[in-house]
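Working notes for the structure below.
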Amino acid sequence: MYGVKQLFVPATVKEALEWLHQNPQAKVIAGGTDLLLKMRNQAMREVVLVSLHKLKELEGIEILPDGTLRIGAMVTFTQVNRSSLVREKLPFLAEAAVTMGGPQIQNVATIGGNLCNGAVSADSAPSLLALEARLVLENREGTREVSLEDFYLGPGRVDLKEDELLTAIKIPLPRHNKWGGYYYKYSMRRAMDISTLGCAVVCAVEAGGQVSQARIALGTAAPTPIRCRQAEALVAGRFLSPDLLIRIGETAAGEAKPRSSWRASKEFRLELIKELTARTLVQAYQNAGGEYRDEN
Amino acid sequence: MKHQYVGKTVPRVDAVSKVTGKARFVADFQMPGMLYGKVLRSPVAHARIKRIDTGKAKALPGVKAVITWEDVPRIPYCTAGHPYPDSSRRDTYILDNKVRFMGDAVAAVAAETREIAEDALKLIEVEYEELPVLVSPEEALAEGAVEIHEGTKNICGQHQFAQGDVEAGFAASDYVLEEEFRTPIITHCSLETHVSLTYLDENDRLVVITSTQVPFNLRRIMSQALEMNMKQIRVIKPHVGGGFGGKAEVVQEPLNAVLTLKTGKPVLLEYTREEEMVAGRTRHSTVIKLKTGVTKEGRMLAQSMKIISNTGAYAGHGHAVVYSIGSHFAVHYPVPHFSFEGISVYTNIPVASAMRSYGASQLNFAMESHMDNLARKLNMDPLEFRRLNAIKEGEKDPMGYFVNNSYGLAECLAKGEELSNWKTKRETFAAAGANQKRKKGIGMACYCYETTAYCGAEEMSAAIIRMNEDGTAVLYLGSAEIGQGNDTVMAQIVAEEVGIGLEDIHVIGVDTDVCPYDIGAYASRQLYMCGMAVKKAAVKCREMIVDFAAQLFDTIPANLEVRQGWICDKLSGNRLITVKETVWKAHYNMDRPRTFVAEAYHGAKCNPLSYGAVFAEVEVDTGTGKVDIIKLWSIHDCGKVVNPQLAEGQVHGGVLMGMGFGLSEQLLIDPQTGRTYNNNLLDYKMATMMDIPELEVAFVETSEPSGAYGNKSLGEPPCISVAPAIRNAVLNATGVEFNEAPLTPERVLLKLKKAVNG
Ligand SMILES: Cc1cc2nc3c(=O)[nH]c(=O)nc-3n(C[C@H](O)[C@H](O)[C@H](O)COP(=O)(O)OP(=O)(O)OC[C@H]3O[C@@H](n4cnc5c(N)ncnc54)[C@H](O)[C@@H]3O)c2cc1C
Numbered sequence: 195m196y197g198v199k200q201l202f203v204p205a206t207v208k209e210a211l212e213w214l215h216q217n218p219q220a221k222v223i224a225g226g227t228d229l230l231l232k233m234r235n236q237a238m239r240e241v242v243l244v245s246l247h248k249l250k251e252l253e254g255i256e257i258l259p260d261g262t263l264r265i266g267a268m269v270t271f272t273q274v275n276r277s278s279l280v281r282e283k284l285p286f287l288a289e290a291a292v293t294m295g296g297p298q299i300q301n302v303a304t305i306g307g308n309l310c311n312g313a314v315s316a317d318s319a320p321s322l323l324a325l326e327a328r329l330v331l332e333n334r335e336g337t338r339e340v341s342l343e344d345f346y347l348g349p350g351r352v353d354l355k356e357d358e359l360l361t362a363i364k365i366p367l368p369r370h371n372k373w374g375g376y377y378y379k380y381s382m383r384r385a386m387d388i389s390t391l392g393c394a395v396v397c398a399v400e401a402g403g404q405v406s407q408a409r410i411a412l413g414t415a416a417p418t419p420i421r422c423r424q425a426e427a428l429v430a431g432r433f434l435s436p437d438l439l440i441r442i443g444e445t446a447a448g449e450a451k452p453r454s455s456w457r458a459s460k461e462f463r464l465e466l467i468k469e470l471t472a473r474t475l476v477q478a479y480q481n482a483g484g485e486y487r488d489e490n
Numbered sequence: 041m042k043h044q045y046v047g048k049t050v051p052r053v054d055a056v057s058k059v060t061g062k063a064r065f066v067a068d069f070q071m072p073g074m075l076y077g078k079v080l081r082s083p084v085a086h087a088r089i090k091r092i093d094t095g096k097a098k099a100l101p102g103v104k105a106v107i108t109w110e111d112v113p114r115i116p117y118c119t120a121g122h123p124y125p126d127s128s129r130r131d132t133y134i135l136d137n138k139v140r141f142m143g144d145a146v147a148a149v150a151a152e153t154r155e156i157a158e159d160a161l162k163l164i165e166v167e168y169e170e171l172p173v174l175v176s177p178e179e180a181l182a183e184g185a186v187e188i189h190e191g192t193k194n195i196c197g198q199h200q201f202a203q204g205d206v207e208a209g210f211a212a213s214d215y216v217l218e219e220e221f222r223t224p225i226i227t228h229c230s231l232e233t234h235v236s237l238t239y240l241d242e243n244d245r246l247v248v249i250t251s252t253q254v255p256f257n258l259r260r261i262m263s264q265a266l267e268m269n270m271k272q273i274r275v276i277k278p279h280v281g282g283g284f285g286g287k288a289e290v291v292q293e294p295l296n297a298v299l300t301l302k303t304g305k306p307v308l309l310e311y312t313r314e315e316e317m318v319a320g321r322t323r324h325s326t327v328i329k330l331k332t333g334v335t336k337e338g339r340m341l342a343q344s345m346k347i348i349s350n351t352g353a354y355a356g357h358g359h360a361v362v363y364s365i366g367s368h369f370a371v372h373y374p375v376p377h378f379s380f381e382g383i384s385v386y387t388n389i390p391v392a393s394a395m396r397s398y399g400a401s402q403l404n405f406a407m408e409s410h411m412d413n414l415a416r417k418l419n420m421d422p423l424e425f426r427r428l429n430a431i432k433e434g435e436k437d438p439m440g441y442f443v444n445n446s447y448g449l450a451e452c453l454a455k456g457e458e459l460s461n462w463k464t465k466r467e468t469f470a471a472a473g474a475n476q477k478r479k480k481g482i483g484m485a486c487y488c489y490e491t492t493a494y495c496g497a498e499e500m501s502a503a504i505i506r507m508n509e510d511g512t513a514v515l516y517l518g519s520a521e522i523g524q525g526n527d528t529v530m531a532q533i534v535a536e537e538v539g540i541g542l543e544d545i546h547v548i549g550v551d552t553d554v555c556p557y558d559i560g561a562y563a564s565r566q567l568y569m570c571g572m573a574v575k576k577a578a579v580k581c582r583e584m585i586v587d588f589a590a591q592l593f594d595t596i597p598a599n600l601e602v603r604q605g606w607i608c609d610k611l612s613g614n615r616l617i618t619v620k621e622t623v624w625k626a627h628y629n630m631d632r633p634r635t636f637v638a639e640a641y642h643g644a645k646c647n648p649l650s651y652g653a654v655f656a657e658v659e660v661d662t663g664t665g666k667v668d669i670i671k672l673w674s675i676h677d678c679g680k681v682v683n684p685q686l687a688e689g690q691v692h693g694g695v696l697m698g699m700g701f702g703l704s705e706q707l708l709i710d711p712q713t714g715r716t717y718n719n720n721l722l723d724y725k726m727a728t729m730m731d732i733p734e735l736e737v738a739f740v741e742t743s744e745p746s747g748a749y750g751n752k753s754l755g756e757p758p759c760i761s762v763a764p765a766i767r768n769a770v771l772n773a774t775g776v777e778f779n780e781a782p783l784t785p786e787r788v789l790l791k792l793k794k795a796v797n798g
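In the order they appear, the protein sequences are chains A and B.
Offset between the first sequence (1-based) and the numbering used here: plus 194.
Offset between the second sequence (1-based) and the numbering used here: plus 40.
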């Protein structure tokens with residue numbers, strides 16, 4: 195049914211990279227929740243698989259000496275959600291993790307697979323973009339780091355070479371003492387659904403209540419997940435107000451490039467971008483300790 | 041009378057085997073040498089097949105048969121699983137030289153593995169001569185449109201009727217409202233897809249193990265499609281993973297049978313989910329025009345309805361669904377003047393056919409939305425407006441299809457009003473202010489619905505009870521358990537009437553070799569029809585046993601009665617002997633040995649109405665278009681409830697189905713190519729566990745005089761009024777009329793924006 199030709203289960207990253215180098219046509223399998231679907235739909239046949247399941251180096255969540263949070267590529271969404279480190283340092287990310295799929299999927303789907311798959315609807319992408327996460331990519335020749343933003347090349351395309359592995363995601367922790375984040379997943383169902391729109395905002399708040407800085411990211415709003423820098427610029431140093439929120443939403447909508455499909459029209463998606471960018475910003479602001487009375 | 045089993049929640053007879061995974065569904069049957077069937081599906085929506093070359097496919101190692109239209113009997117048959125005569129058109133061949141929708145069967149393969157069968161499909165070469173693709177009824181009915189089925193002008197069926205003088209009625213009205221409503225293509229989403237296993241037994245009889253709601257009609261239709269007599273065919277229905285009308289039909293069994301006949305081998309043909317959602321069955325999408333005349337005081341005087349139903353590429357149950365809509369149309373709100381026009385149209389889309397409520401969901405969405413729109417224009421409370429116009433106790437069906445001898449509608453409305461706190465909420469929600477982004481609303485809808493298939497089809501059920509020597513029993517049913525609890529309630533009836541325990545009864549259903557005839561699991565008829573047959577058989581059985589006991593005790597049967605498993609002396613109440621011991625003594629008896637086997641049938645020329653109402657409280661997010669259901673109240677008059685837990689379960693499932701219809705589900709078709717966009721459960725938005733709202737179920741127990749225990753229908757009704765109740769709650773919340781289902785966030789948001797921006 196799945197047409198697996200060969201399965202290789204390396205014990206170390208080194209072994210995996212060597213093998214990938216020798217077998218560039220091989221496919222990496224992590225949780226398999228994207229890959230197996232493609233195989234079942236016969237988008238691929240006679241597949242040679244390299245499993246990452248035994249690679250201890252790809253597991254775990256820790257704080258590195260330079261203060262960044264490292265999440266191994268094989269960490270599952272459930273693990274992100276349950277990690278006390280994530281809950282303490284990035285509570286909104288822990289919550290965002292369980293907006294994807296359902297419990298069964300969260301238990302096997304990895305954060306690395308979510309990013310490498312390159313889907314514009316990937317639920318981890320907006321939050322990680324807003325956090326300015328960087329990806330650690332390795333092949334036999336060495337290691338490189340790219341920002342998540344640069345990793346996305348186009349629809350379904352990522353900057354990942356055939357012989358490369360994503361080994362970890364590095365997240366610089368926000369240094370501001372009053373900061374907060376929020377991820378708003380908008381989908382038709384409460385579980386087992388892809389997002390029609392995903393919006394993440396990380397924002398820092400001054401003692402006086404102004405937003406000192408906000409980072410706004412959208413999923414399923416353009417060919418790849420995007421940052422909305424113009425909207426971000428608009429909010430920096432400002433107090434939130436109904437007027438500002440409307441302008442933020444409109445600016446974000448201007449930066450996005452949604453398209454019409456049978457799943458949703460462009461008109462609808464633009465309305466959602468306007469509404470949800472503003473809502474997410476307010477929520478992130480409140481999570482940062484900011485006080486804003488929302489008329490809703 | 042006090043019952044021991046009837047009216048009680050008892051564990052399902054299949055509970056343990058199901059939760060332990062031992063219950064066998066079709067695909068669990070494995071046979072030595074079994075092959076796997078696969079169907080080649082058309083990549084175009086409308087075409088003649090000019091050439092098929094199966095040479096390469098046949099040459100693939102492991103392939104045992106490849107069949108095309110040239111290999112099957114050229115006999116058109118009707119796929120609708122009703123009794124003879126066919127209720128719909130004979131327009132289907134097992135395989136044809138024309139394809140009529142994208143996904144239509146072109147050829148079939150039987151091979152040693154699924155993978156080989158799939159590979160073989162790719163090796164079949166087909167040349168198509170493409171024809172214009174007609175997706176909408178408008179296109180199909182246009183002058184000069186190409187005919188999908190020759191000689192039909194793309195009309196699958198058409199009828200009209202009227203009473204009084206509808207135009208005069210409109211003229212006499214103070215106010216006339218005419219509106220159009222649209223309903224989407226819905227699909228059943230049974231957990232188990234269409235699947236059958238066919239093989240030849242040692243006498244070369246064709247055995248069909250299949251997931252069906254209609255074992256006997258399936259056998260009859262197969263005997264016609266394959267030109268075999270019924271003795272040559274044995275149909276076995278094992279556990280079935282849901283049907284909802286999609287399996288009240290002969291969808292793929294004849295094709296599988298040909299694979300078996302060609303190879304002589306068992307063949308398993310199991311649809312994938314993606315295949316099921318294109319090549320299974322759907323609920324008809326409809327366009328419904330309603331026009332109603334009312335007096336200033338809100339009394340309805342005249343009503344007309346015109347419906348266009350899109351039946352897709354083949355009739356399936358086709359126009360029979362529109363007949364059913366017509367029959368329910370005039371009875372819910374009887375008016376002196378009414379008229380109805382219905383047409384079912386062939387198009388190049390997946391086949392629409394029977395689905396839970398058989399047209400009533402479409403009718404009810406239109407009618408109950410229309411009622412709220414009318415009430416709004418009249419400035420009346422929608423509940424009061426219904427009270428004024430709905431069918432009353434004792435009132436006759438103007439068309440005479442249904443009987444109204446047990447009436448609970450008024451009480452359902454009253455109960456819903458009270459439980460939902462209707463009056464207060466109508467006032468407070470309206471007063472809450474227009475500026476809120478999240479708006480609350482409360483709405484309701486109600487229905488009346490059939491209990492049998494009469495007089496659309498003959499009505500008959502039968503049952504056989506055979507007492508084992510030790511007083512346990514086997515119950516043979518023709519009526520199909522498909523998950524709804526049929527076997528359990530029938531066993532409850534046997535236990536009740538014969539005087540043995542529920543655990544003493546083994547149910548066999550359905551095997552056409554041993555079980556008695558039944559027309560099938562549809563029309564919400566089983567407990568009413570088969571329940572009565574089982575009761576009759578059980579009473580016969582008890583009488584035979586009492587008869588024998590009377591001989592044992594040298595008395596006459598009239599002096600005895602059965603109480604709680606004992607045969608007692610009627611006068612003194614003294615327990616004489618248990619039922620079971622009596623049966624034992626009869627079987628092992630030198631003097632007058634005897635058996636107890638009772639058969640009974642029940643034929644009815646009667647169709648009682650069930651009633652119900654749904655109340656819905658919602659919150660509409662006007663910024664995102666989302667409709668959140670805060671709570672639903674689902675209230676039903678299904679006569680007496682025979683098993684409360686099963687009844688409530690039936691309501692839960694129906695409510696979710698109705699909720700999907702109202703808010704999220706729709707099969708989407710590319711208007712140009714006829715391709716189905718969302719034939720998978722990711723893109724077809726059926727609710728998940730997380731989407732289930734708070735739900736309160738209540739029953740208004742009337743007593744139906746013609747039911748075995750006062751019972752009437754509950755199988756289909758719970759899905760009927762949910763969508764319009766939600767829709768009416770949204771109207772209450774936003775003041776915007778949504779006349780097309782489902783109320784997807786996109787539809788809601790864009791229309792709300794338009795309403796605000798003008
Ligand atoms: C029922 C269901 C629901 C879903 N719901 C959601 C949802 O709500 N939101 C969402 O975002 N996604 C959803 N998905 C998609 C999927 O589960 C996620 O994208 C998931 O994170 C993929 O991770 P995985 O470990 O299963 O990846 P896999 O399927 O194993 O791999 C995905 C791709 O990434 C590559 N890859 C994986 N790991 C690495 C690595 N370390 N280095 C290099 N390449 C790698 C693989 O070769 C493959 O191309 C759903 C899937 C299913 C089946």
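Think of the CB as a built atom: it goes at the ideal place given N, C-alpha and C, for glycine as much as any other residue.
If you're wondering where the values come from, they're calculated on a predicted model, not measured in any experiment.
| field | Alpha carbon of B:A765 to alpha carbon of B:Y354, nearest angstrom | value | 32 Å
| task | Using a Cβ-Cβ cut-off of less than 8 Å, list which residues of the region 433-464 of chain A approach chain B; keep chain order. | result | W456, R457, A458, S459, E461 and F462
| query | Within 9 Å (strictly less), CB to CB, does B:D723 reach chain A? | reply | yes
| query | Given 8 Å as the limit, is there contact between the region 538-553 of chain B and the region 254-263 of chain B, that is, 3 or more CB pairs closer than that? | reply | yes
| field | C-beta atoms of B:F778 and B:S409 nearer than 9 Å | value | yes
| At least one CB of chain B closer than 9 Å to the CB of A:E469: is that the case? | yes
| task | Check whether the Cβ atoms of B:H122 and B:G560 lie closer than 9 Å to each other. | result | yes
| request: Kindly examine ligand 3 and report whether one of its heavy atoms sits closer than 8 Å to the Cβ of A:L211. | output: Judged by which ligands are present, ligand 3 is missing from the structure shown, whose ligands are ligand 1.
| Length of the line joining the Cα atoms of A:N490 and B:I522 | The predicted position of A:N490 is uncertain, since its pLDDT is 49 and thus under 50; a value taken from the coordinates is nonetheless stated next. Answer to the nearest angstrom: the Cα atoms are 46 Å apart.
| Segment contact flag, the region 613-623 of chain B with the region 707-718 of chain B, C-beta cutoff 8 Å, min 3 pairs | no
| message | At a cut-off of 8 Å, would you count B:N137 as near ligand 1, judging by its Cβ distance to the nearest heavy atom? | response | no
| Below 9 Å between beta carbons: does that hold for B:A151 and B:Y239? | no
| said: Below 8 Å on the Cβ atoms is my contact criterion, and I expect A:L329 with A:E339 to pass it. Report the Cβ-Cβ distance as a whole number of Å. | reply: 7 Å
| query | Below 8 Å, can you find three or more Cβ-Cβ pairs linking the region 632-642 of chain B to the region 577-597 of chain B? | reply | yes
| message | Using 8 Å for Cβ pairs, my map puts B:K477 next to B:D661. What's the rounded Cβ distance? | response | 7 Å
| message | Could you check whether the Cβ of B:G665 sits closer than 9 Å to any Cβ belonging to chain C? | response | In summary, chain C is missing from the structure at hand, where the protein chains are A and B.
| field | Per-residue DSSP class, three states only, for B:S743 | value | coil
| query | Among the residues of its own chain, which have a CB less than 7 Å from the CB of B:K378, if the five just before and after it don't count? | reply | Reading off the sequence, residue 378 of chain B comes out as Phe, not Lys. Cβ neighbours of B:F378 beyond the five flanking positions: A202, Q203, G204, V206, A342, Q343, S344 and A370.
| field | Contacting positions in the region 297-319 of chain A - beta carbon closer than 8 Å to chain B | value | none
| said: Closer than 8 Å is the cut-off here; do at least three beta carbon pairs connect the region 398-409 of chain B with the region 214-223 of chain B? | reply: yes
| Cβ atoms of B:L237 and B:F69: under 9 Å apart, would you say? | yes
| task | Please indicate yes or no: does the CB of A:V222 lie closer than 8 Å to some heavy atom of ligand 1? | result | yes
| Under a three-way DSSP split, which group does A:V269 fall into? | coil
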